[in-house]
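Numbering (the UniProt record's numbering), first residue to last: 1 to 645.
Glycine included, each C-beta is placed from N, C-alpha and C at the ideal position.
The structure displayed is predicted, hence computed values, not measured ones.
This report concerns only the one structure given below.
Printed below as a string of structure tokens:
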């Protein structure tokens, strides 16, 4: 597909000209967009490979997304299934292996609009919780689509009409006792005629906010028998005589969820916010409204500070979360092999980080995508903008793979334990890296005196560490006070969860700021990119302070006067980021076909494209107009209106 300047969709033959307003935004570049794209892709070779895959996908008419907005739920499902099998055939023909970058890029090119997505989750869980023998048996069947499997824990995706097998989490009762939740592979449909097996009641749950291409369903099991070897047995086994053998900890089952959460952030959730930013920022330099000065022409809406305030914090988050996901993935890979070998020392921190970051990132991505939609005015309400589907799709991430409040509290439990460990003078164990700041010397007051001070990463990272540590200390204090007054631990926990939630969010914000600043340090050989990304990092940190001023004022760490200075630094950043905003979205390098947005197209020809796409609406066809007139004859409509008036 070439460099970003050649990303205009070839499907819109009415225009080959880039809109002058967006062309001017790209005319003077303070950094090399291509270099930043390479950084985001993990290297120039990955960028080249991704574009090669995109070229293959977008040139195949069987994989077009252009009519998605006009399809019914059944049509979306059937189209997604066809695309899945078509991509599978492409992969076999081109030699793309399972879990390859090529298949990842193909999925990205198609905006995740492939059927049977939870087969991937099933396989991740299988490889995490299954024995080597079980993996050798079931994995090839999935790869060849000889079985259609799903991860049946809450959403039950693909149970509705697709899945033949389900990975069911159920209570194991063995050796006369409940042994806790374990994972079982349960056949649910015949491989001969796809009918439900005996004891299985299964079906589709009906309409949803989004994910029409996924047949989420209900599943009822009534005295269903499965072979003993269908219990995944890496961390627990049941012998032929019924003896239960525990090989891992009670938290071993976390591993499959950790795998999925780490993967979903970078592959599913964060790209949705990135796309929303691309669409809204590009549209905001095409849309003109009112005047900054009475004698001026109408201004681009992105030149208004309020529009920058809407769009630049989500853009900063989109970049921050990219580096968070990358860091989390690296930590996961460092930990994963040890955990598979039943060394669980890193699992608590990995679970706390993956659960908490899934919650924080998805919460902010939902907020950011909705802000982007609103920033596009009435056109943002049109599905053709691409924004409503981004909003409804990312909204699901707040509940799938764990409801976010529950996940924040999982992180909070880890923070309470870490804080208590830090207070033990006799403890010989060092704290996990993500909470090491709990033992660092505390700074009672922020030394910042001017705008420049608030732009020092060390200063605002320390500020966030201070607030997080104080809130964690406060949450533990409230918990212990209730327990000392007679409440049992469970009751005391329930009565302090709001405080724990606040502490967990502050901790996660601190971790994000720290990861972003560390990522910047690695870019010292690319000073132009380092500078533009530092502005986004500064904005992310200061936006968090501006929206949580009470936490920073509470104990006098910041004064009211310092908050005013921090706000000045924040507002100055909006103006600096403005000149690079379009370039920063170009660096995400989404093709027009992948964005599937009339507002976010690379060439900026928004209104022409909106008009052209609207012509594809079934209600605009002559046939449907004729059918409507048969149902409601036009003379009758005219008569009704005349009588009403």
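Residues that residue i bridges to, as DSSP identifies them
i: residue 174; result: 177
i: residue 200; result: 221
i: residue 238; result: 244
i: residue 183; result: 169
i: residue 89; result: In DSSP, residue 89 forms no bridge with anything.
i: residue 231; result: 184
Buried/exposed call for residue i, threshold 16 Cβ in 10 Å
i: residue 9; result: Low per-residue confidence applies at residue 9: pLDDT is 49, beneath 50, and the placement is therefore not dependable, though the value from the model is reported in the following sentence. Classification of residue 9: buried, given that the 10 Å Cβ count is 16 or more.
i: residue 243; result: exposed
i: residue 381; result: exposed
i: residue 430; result: exposed
i: residue 386; result: buried
i: residue 212; result: buried
i: residue 468; result: buried
i: residue 127; result: buried
i: residue 165; result: buried
i: residue 330; result: exposed
i: residue 562; result: buried
i: residue 551; result: buried
i: residue 544; result: buried
i: residue 268; result: buried
i: residue 655; result: Nothing can be reported for residue 655: it is not among the residues displayed for the chain, which extend from 1 to 645.
i: residue 401; result: buried
i: residue 538; result: buried
i: residue 205; result: exposed
Where the alpha helix (DSSP H) through residue i begins and ends
i: residue 122; result: 118-129
i: residue 69; result: Where residue 69 is concerned, there is no enclosing alpha helix (DSSP H), given that its DSSP letter is neither H nor E.
i: residue 530; result: 527-547
i: residue 351; result: 347-375
i: residue 269; result: That residue, residue 269, is in no alpha helix (DSSP H); it is neither H nor E in DSSP.
i: residue 489; result: 489-494
i: residue 451; result: Per DSSP, residue 451 belongs to no alpha helix (DSSP H) and is neither H nor E.
i: residue 580; result: From DSSP, residue 580 is part of no alpha helix (DSSP H); its letter is neither H nor E.
i: residue 45; result: 44-58
i: residue 294; result: It is not in any alpha helix (DSSP H) - residue 294 carries neither H nor E in the DSSP assignment.
i: residue 144; result: From DSSP, residue 144 is part of no alpha helix (DSSP H); its letter is neither H nor E.
i: residue 39; result: 33-41
i: residue 392; result: 387-396
i: residue 105; result: 101-109
i: residue 256; result: 254-264
Coarse secondary structure for residue i, derived from DSSP in three states
i: residue 275; result: helix
i: residue 205; result: coil
i: residue 646; result: Given that the chain is displayed from residue 1 to residue 645, the structure contains no residue 646 and the question cannot be resolved.
i: residue 445; result: coil
i: residue 300; result: strand
i: residue 314; result: helix
i: residue 213; result: coil
i: residue 20; result: helix
i: residue 478; result: helix
i: residue 189; result: strand
i: residue 507; result: helix
i: residue 194; result: coil
i: residue 288; result: strand
i: residue 343; result: coil
i: residue 599; result: coil
i: residue 550; result: helix
i: residue 615; result: coil
i: residue 134; result: helix
i: residue 95; result: coil
i: residue 332; result: helix
i: residue 164; result: coil
i: residue 568; result: helix
i: residue 605; result: coil
i: residue 5; result: A caution first: residue 5 carries a pLDDT of 40, below 50, which makes its placement in the model unreliable, though a value can still be read off. DSSP places residue 5 in helix when its eight states are reduced to three.
i: residue 456; result: coil
i: residue 320; result: helix
i: residue 555; result: coil
Residue i: first and last residue of the uninterrupted beta strand (DSSP E) it sits in
i: residue 244; result: 244-246
i: residue 150; result: 149-152
Min CB distance residue i to chain C below 7 angstroms
i: residue 342; result: Protein chain content of the structure displayed is limited to a single chain, and chain C is not contained in it.
Complete alpha helix (DSSP H) runs within the region 399-443 (minimum length 4 residues, chain order): 404-423
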